Amino acid sequence: MVREVSRREPHAPRPSYHTMSPYVQRAIHGTPPPPSTPRRRWPSTPAQASPLHLKVAYASPRAMASQTSNAADAEESDTIPPRSNTWQDRMEQLPSMAMAYLQDWWMDLASFLHQTSMGLPMGLLLHALSLLSQVMLPDSSFSLRAASRPSHRASSLFASKRREADMHGQHAYSARLGHMILAQRVAALQFTSRMLSLVLLVLAIGNAYLLFSKRRTYRLWYRDERSTLRNPHASLEAPPTDPAPGLTWGEWAHRIMIHAARQVPIVEWFVPPPPPPPAQPPTSERVYTLRVWDVYEAPLRLFTVYSPAHALWWAVAGSMGMSAFMSWIVTAVLMALFSVQSWFLAQEYHALVQDRQVLSAEMLREYDEKFVIPRAMPVVRDAATQTA
Numbered sequence: 001m002v003r004e005v006s007r008r009e010p011h012a013p014r015p016s017y018h019t020m021s022p023y024v025q026r027a028i029h030g031t032p033p034p035p036s037t038p039r040r041r042w043p044s045t046p047a048q049a050s051p052l053h054l055k056v057a058y059a060s061p062r063a064m065a066s067q068t069s070n071a072a073d074a075e076e077s078d079t080i081p082p083r084s085n086t087w088q089d090r091m092e093q094l095p096s097m098a099m100a101y102l103q104d105w106w107m108d109l110a111s112f113l114h115q116t117s118m119g120l121p122m123g124l125l126l127h128a129l130s131l132l133s134q135v136m137l138p139d140s141s142f143s144l145r146a147a148s149r150p151s152h153r154a155s156s157l158f159a160s161k162r163r164e165a166d167m168h169g170q171h172a173y174s175a176r177l178g179h180m181i182l183a184q185r186v187a188a189l190q191f192t193s194r195m196l197s198l199v200l201l202v203l204a205i206g207n208a209y210l211l212f213s214k215r216r217t218y219r220l221w222y223r224d225e226r227s228t229l230r231n232p233h234a235s236l237e238a239p240p241t242d243p244a245p246g247l248t249w250g251e252w253a254h255r256i257m258i259h260a261a262r263q264v265p266i267v268e269w270f271v272p273p274p275p276p277p278p279a280q281p282p283t284s285e286r287v288y289t290l291r292v293w294d295v296y297e298a299p300l301r302l303f304t305v306y307s308p309a310h311a312l313w314w315a316v317a318g319s320m321g322m323s324a325f326m327s328w329i330v331t332a333v334l335m336a337l338f339s340v341q342s343w344f345l346a347q348e349y350h351a352l353v354q355d356r357q358v359l360s361a362e363m364l365r366e367y368d369e370k371f372v373i374p375r376a377m378p379v380v381r382d383a384a385t386q387t388a
């Protein structure tokens with residue numbers, strides 16, 4: 001009996017993709033992709049392009065060091081440094097940069113001054129400046145010491161060792177010159193004090209105007225023109241329209257030149273007359289516009305601490321002829337009364353507005369609970385029958 005044994009050679013080569021026939025390749029691996037065109041990689045540095053590098057041989061260690069340094073320089077040259085602005089670019093950008101800086105500074109200052117916590121410190125600072133404007137006056141009643149009139153004696157500047165007959169004339173000239181210098185100093189202090197008081201009064205009036213002139217506009221679109229709205233802050237106005245496009249610099253220059261040419265006696269004959277202003281189309285629709293007072297917290301606190309009444313009293317209190325003690329007492333009492341009544345009025349009005357908001361919200365909630373919710377979501381009971 002012959003027994004055939006098939007034994008696999010341990011080192012028999014396995015069929016690879018390249019040794020298979022094209023039919024077997026497509027059956028096993030699918031359609032092969034198209035062969036890619038081999039591309040030569042160009043050397044990036046001069047050292048890599050040298051024959052020594054291409055033949056993997058270096059003539060000396062210096063060639064190896066030069067190749068390494070050139071490769072590092074090539075890597076650094078790949079990152080392009082930013083272009084520095086020239087003097088011409090800086091001069092052209094200077095107006096816009098200055099305008100942007102001033103605008104940012106003004107916005108930061110406005111946001112800082114409109115903080116609620118800045119009202120009290122600013123008011124105290126204005127009170128200190130008002131007191132300074134009165135203390136610097138020589139004849140102010142806020143000075144705790146009497147106005148001293150310094151006596152001017154003959155000093156070494158004016159006195160000379162002459163005959164005793166001329167001493168009277170020298171003393172008179174020295175006294176007259178001293179009085180002149182003192183009068184000039186007093187006039188300068190009075191001018192500085194009055195100007196500082198005027199500036200503080202203008203600041204107080206400006207703060208009051210900013211506080212009471214800030215309005216927020218509301219338009220009542222669903223209120224008919226026939227239903228009269230009795231409110232001093234409401235008025236019938238036309239609906240807002242798109243603003244007219246602004247004029248360019250060229251148009252402004254052309255208008256100025258035309259206006260200047262019309263002033264010349266003979267040239268005005270050849271200049272066309274100005275076009276009539278466009279007539280406004282009649283508006284048949286008008287809506288009620290309500291302008292509501294928009295309260296700023298910081299100006300309100302500043303108005304409470306330093307109002308125009310405070311500034312006016314500071315400006316005239318030192319020149320009313322009262323004694324120093326009475327001036328301090330009356331000023332302290334009046335300042336306290338002005339501030340307390342303003343603060344009390346502001347707090348009570350704020351509480352009144354909050355009470356009205358609470359009442360309005362509660363009224364709307366009761367209306368929803370009684371009328372809106374029962375009709376929008378009525379309570380129903382599902383009735384069903386079950387059969388066995």
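According to the UniProt record's numbering, the sequence shown is numbered sequentially starting from 1.
For every residue, glycine included, the Cβ atom is placed at its ideal position computed from N, Cα and C.
Owing to the predicted nature of the structure, the values given are computational and were not obtained by experimental measurement.
Helix or strand or just coil, what does DSSP make of Val372? helix
Measuring CB atoms only, is the segment 209-220 touching the segment 298-311, in the sense that at least three cross pairs come out at less than 8 Å? yes
Quick one: give me the first and last residue of the beta strand (DSSP E) that Ser133 is part of. Taken as a continuous stretch (DSSP letters only), Ser133 belongs to no beta strand (DSSP E), being part of the alpha helix (DSSP H) at 119-135.
So what's Trp343 in DSSP terms, helix, strand or just coil? For Trp343, the three-state secondary structure derived from DSSP is helix.
Using a Cβ-Cβ cutoff of less than 6 Å, which residues in the same chain neighbour Val292 once the five nearest sequence positions on both sides are dropped? Arg216, listed in sequence order.
Three-state class that DSSP yields for Trp293 in the structure shown: Strand.
Which class does residue 393 belong to by DSSP, given the choice of helix, strand or coil? The structure shown does not extend to residue 393, since the chain is modelled only from 1 through 388, so no value can be given for it.
Euclidean distance between Cα positions of Val358 and Pro95: 52 Å
Using only the alpha-carbon positions, how far apart do Ala317 and Ser141 sit? 8 Å
What first and last residue would you give for the alpha helix (DSSP H) that runs through Glu251? 249-262
Per DSSP, the bridge partner or partners of Glu268: Looking at the DSSP assignment, Glu268 forms no beta bridge with any residue, so it has no partner.
Per DSSP, what kind of secondary structure is Ser174 in: helix, strand or coil? helix
For the segment 305-315 and the segment 197-204, state whether three or more C-beta atom pairs, one from each stretch, are separated by less than 8 Å. These segments touch.
Residue burial classification, His310 (beta-carbon count within 10 angstroms, cutoff 16): buried
By a C-beta neighbour count over all protein chains shown, 10 Å radius and 16 as the cutoff for buried, is Val379 buried or exposed? Using a 10 angstroms sphere on the CB of Val379, the tally of other CB atoms stays under 16, which defines it as exposed.
C-alpha distance - Ser155 paired with Ile181, whole-angstrom precision: Any reading at Ser155 must be qualified, since the residue scores a pLDDT of 41, below 50, and its modelled position is unreliable; no value is offered.
Can you pull the DSSP bridge partners for Tyr288? Leu220, Leu236
Name the residue from Val264, Ser227, Thr192 whose alpha carbon lies nearest to the alpha carbon of Leu137. Thr192
Collapsed DSSP secondary structure at Arg185 in the structure displayed: helix
Arg365 - DSSP class collapsed to helix/strand/coil: helix
For the candidate residues Met99, Tyr222, Leu247, Ala332, whose alpha-carbon lies nearest to that of Glu285? Tyr222
Quick check: what's the CA-CA separation for His179 versus His171? 12 Å
Along the chain, where does the alpha helix (DSSP H) containing Arg90 start, and where does it finish? 87-113
Alpha carbon to alpha carbon, what distance is there between Met97 and Trp105? 12 Å
Who are the Cβ neighbours of Pro274 in its own chain at under 6 Å, not counting the five residues just before and after it? For Pro274, where only same-chain residues beyond five positions count, there are no Cβ hits under 6 Å.
Throw me the rounded Cβ distance for the Ala261 and Glu268 pair, which I believe falls under 8 Å. 7 Å
Taking the alpha helix (DSSP H) that Pro245 belongs to, which residues open and close that run? Per DSSP, Pro245 belongs to no alpha helix (DSSP H) and is neither H nor E.
Leu290 vs Ala361 beta-carbon contact at 7 Å: no
Excluding the 5 residues preceding and the 5 following Tyr101 in the sequence, name in chain order all residues of the same chain whose CB lies nearer than 7 Å to its CB. Within the same chain, no residue comes within 7 Å of Tyr101 by CB-CB distance, once the 5 residues on both sides are set aside.
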